[in-house]
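Next comes the structure, spelled out in structure tokens:
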């Protein structure tokens, strides 16, 4: 039997998050084989979770960066919770 190879679907995290946010607002699939079909509750929850996870990763990155720069724990926590630069 021949081995089936699949190509991994990969997007830059910002683009994926942007598309997830657009899909949540529109409540329909924007791309892929289900394009135009409504999101199920399960699919909407997956997108919300992915957006929250991205936000958490950004916060941890900023926190560790602040600690390496020599800031105190309270300053690092405050910096990690700011949105933007």
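In our numbering, the protein residues as written are 444 to 528.
Ideal Cβ positions, reconstructed from N, Cα and C, are used throughout, including at glycine.
Between the C-alpha atoms of residue 516 and residue 499 there is a straight-line separation of about 17 Å.
Distance from the CA of residue 518 to the CA of residue 469, rounded to the nearest whole angstrom, comes to 38 Å. Beta-bridge analysis with DSSP links residue 471 to 481. Cβ neighbours of residue 465 within its own chain (closer than 7 Å, five residues either side excluded): 473. Between the C-alpha atoms of residue 507 and residue 460 there is a straight-line separation of about 23 Å.
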